[in-house]
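Asks: Numbering (the UniProt record's numbering), first residue to last: 2 to 353.
Every residue, glycine too, gets a C-beta built ideally from N, C-alpha and C.
Quick caveat: nothing in here was measured; it's all calculated off a predicted structure.
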Ligand code: NAD
Ligand code: IPM
Ligand code: MN
């Protein structure tokens, strides 16, 4: 028997709704196997902050670190809620976890499944993965404002890119490309304007490329990359990019592949020093929260990524196949969150 300690952070809005379905499918995928998930729920997010004034305490962080992996729904309150003005849940919780647990690879696969309507007229075969850097860039909080609130205000938000940080994520992306049939890597940046960071990323890709002669390398400026994601997404295999570009590109990637409700992700600490964290790409969706209509597929797909990360390939494939077969039969029927979860769970182990 293998016991996996799983920290579960349902979070806010639709987070708990979709995580409930993801756990339902995890149960179905592990029932009758030697794989046991010992779950610890963590009440974290905007709701917890409103109750206790706490975002993520040192005790929370230490307790989470003692787990093998993390499943997160989504965090963040209703934008503009004045009671949240003093807190920044996204930075203080989500980014703090990604930074403290050294999640330097933010893995965001995009597949246009059979049977899914893309908003694109002729998308072709869409199957790529964005390897988004997770611990640097403009996300680090290296900034500040002076004369705030005056007409002379200056606000800086510095993008931090280190040789160490860029090289490790680029090497991971090359290895991922090398393992895929098409073996193609596209660096996305903005080297024509962001010359210092751009130069570091470009040189690093050129250097690491020498170690992966089987991988073909391409480069696109991020603005052009958004064009090709819409006009010719099939050209992409592995995209490696910085934290902010990767954030933006992966919402677009979700939209072209059937909607953000399908987009799964993993925040990976490849060294295995810290637990990796799996979550849908989407947020807490306050506009549909509480209605029971959120699509849980992204959260369920995140469970598949979690199982793959743990090396539980058979269980992972079971979940992936159940998702794919449900999606293929979905049509445009409106279903509730739990109907989708039930349908996917029911397809586990019945490959027909
Ligand atoms: P969002 O992803 O929550 O919602 C964008 C749109 O997509 C909304 O119309 C929403 O209804 C729809 N949507 C999202 N998930 C869906 C699903 N599973 N099924 C069907 N429709 C879905 O983005 P937002 O509105 O910009 O952010 C809302 C809050 O979530 C903010 O506080 C934001 O900071 C936070 N956020 C958190 C995370 C995270 O925890 N990982 C990620 C993104 C945003
Ligand atoms: C995501 C989210 C987060 C990000 C926010 C909520 C901090 O948009 O996971 O894509 O920008 O990384
Ligand atoms: Mn995002």
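Taking the DSSP output, what are the residues bridged to residue 90?
Replies: DSSP lists no partner for residue 90.
Asks: Taking 7 angstroms as the cut-off, is the beta-carbon of residue 252 closer than that to any non-hydrogen atom of the ligand MN?
Replies: yes
Asks: Determine the burial state of residue 30: buried for a count of at least 16 other Cβ atoms within 10 Å of its Cβ, exposed for fewer.
Replies: buried
Asks: Going by the CB atoms, is the gap between residue 306 and residue 70 shorter than 8 angstroms?
Replies: No, these two residues do not count as a Cβ contact at 8 angstroms.
Asks: What residues are listed by DSSP as bridge partners for residue 266?
Replies: 280
Asks: Three or more C-beta pairs under 8 angstroms: does that hold for the segment 286 to 293 against the segment 83 to 93?
Replies: no
Asks: Taking 7 angstroms as the limit between beta carbons, can you name the residues of its chain near residue 17, skipping five residues before and five after?
Replies: 11, 74
Asks: Output yes or no for whether 8 angstroms exceeds the beta carbon distance between residue 258 and residue 269.
Replies: no
Asks: Quick one: what's got a C-beta closer than 8 angstroms to residue 5's C-beta in the same chain, skipping five residues either side?
Replies: 36, 37, 38, 39, 69, 70, 311, listed in sequence order.
Asks: Report, in whole angstroms, the separation of the C-beta atoms of residue 63 and residue 77, which I expect to be a contact under 8 angstroms.
Replies: Not a contact, Cβ separation roughly 24 angstroms.
Asks: Counting only the same chain and skipping the five closest in sequence on each side, list residues whose C-beta sits under 6 angstroms from that of residue 342.
Replies: 22, 25, 297
Asks: Under 8 angstroms, do residue 108 and residue 266 count as touching if we go by C-beta distance?
Replies: A Cβ-Cβ contact shorter than 8 angstroms links residue 108 with residue 266.
Asks: Check the DSSP bridge columns for residue 290 and list the partner residues they point to.
Replies: None, per the DSSP bridge assignment.
Asks: For the segment 231 to 250 and the segment 180 to 198, state whether three or more C-beta atom pairs, one from each stretch, are separated by less than 8 angstroms.
Replies: Yes, the segment 231 to 250 touches the segment 180 to 198.
Asks: Only counting the same chain, and skipping five residues up and downstream in sequence, which positions put a Cβ closer than 8 angstroms to that of residue 115?
Replies: Taken in chain order, the residues that qualify are 325, 328, 329.
Asks: Comparing C-alpha positions only, which one of 176, 315, 332 sits nearest to residue 32?
Replies: 315
Asks: For residue 43, which residues of its own chain have a beta-carbon under 8 angstroms away from its beta-carbon, when the five flanking residues on both sides are left out?
Replies: 8, 9, 10, 61, 64, 65
Asks: Quick check on this structure: which residue in 193, 186, 222 has the alpha carbon closest to the alpha carbon of residue 207?
Replies: 186
Asks: Near residue 171, what residues of its chain come up, given a Cβ to Cβ distance below 7 angstroms and the 5 sequence neighbours on each side ignored?
Replies: 205, 206, 209, 241
Asks: Could you check where the beta strand (DSSP E) with residue 128 kicks off and where it finishes?
Replies: 128 to 134
Asks: Would you list the one or two residues that DSSP bridges to residue 234?
Replies: Residue 234 pairs with nothing; no bridge assigned.
Asks: If we count the other Cβ atoms within 10 Å of its Cβ and call it buried at 16 or more, is residue 151 buried or exposed?
Replies: With fewer than 16 Cβ atoms within 10 Å of its Cβ, residue 151 is classed as exposed.
Asks: Which term fits residue 254, buried or exposed, when burial requires 16 or more other beta carbons within 10 angstroms of its beta carbon?
Replies: When all chains shown are included, residue 254 counts as buried.
Asks: Name the DSSP bridge partner or partners of residue 40?
Replies: 7
Asks: What residues are listed by DSSP as bridge partners for residue 107?
Replies: 133, 268
Asks: Can you tell me whether DSSP reads residue 115 as helix, strand or coil?
Replies: coil
Asks: Taking only three categories from DSSP, how would you classify residue 353?
Replies: Note that residue 353 scores 42 on pLDDT, short of 50, meaning its location in the model is unreliable; the coordinates nonetheless yield the value given after this. DSSP places residue 353 in coil when its eight states are reduced to three.
Asks: Nearer than 7 angstroms: is that true of the beta carbon of residue 282 relative to any heavy atom of the ligand IPM?
Replies: Yes, the ligand IPM has a heavy atom inside 7 angstroms of this Cβ.
Asks: For the segment 343 to 350 against the segment 122 to 134, do three or more pairs of beta-carbon atoms, one drawn from each stretch, fall closer than 8 angstroms, so that the two count as touching?
Replies: The segment 343 to 350 is not in contact with the segment 122 to 134.
Asks: Where does residue 15 sit, in a helix, a strand or coil, going by DSSP?
Replies: coil
Asks: Taking the alpha-carbon positions, what's the residue 256 to residue 126 distance?
Replies: When rounded, the distance between both Cα atoms is 15 angstroms.
Asks: Please list the segments of the beta strand (DSSP E) lying wholly inside the segment 171 to 248, counting only runs of 3 or more residues, in order along the chain.
Replies: 185 to 190, 217 to 222, 239 to 242
Asks: So residue 19 packs on residue 281, CB below 8 angstroms; how close in whole Å?
Replies: 6 angstroms
Asks: Let me check one thing: in DSSP terms, what residues is residue 157 bridge-paired to?
Replies: 145
Asks: Bridge partners for residue 301 per DSSP, in chain order?
Replies: None; residue 301 has no bridge partner.
Asks: Give me, in chain order, the residues of the same chain whose beta-carbon lies closer than 8 angstroms to that of residue 119; leave out the 5 immediate sequence neighbours on both sides.
Replies: 113, 127, 257, 258, 259
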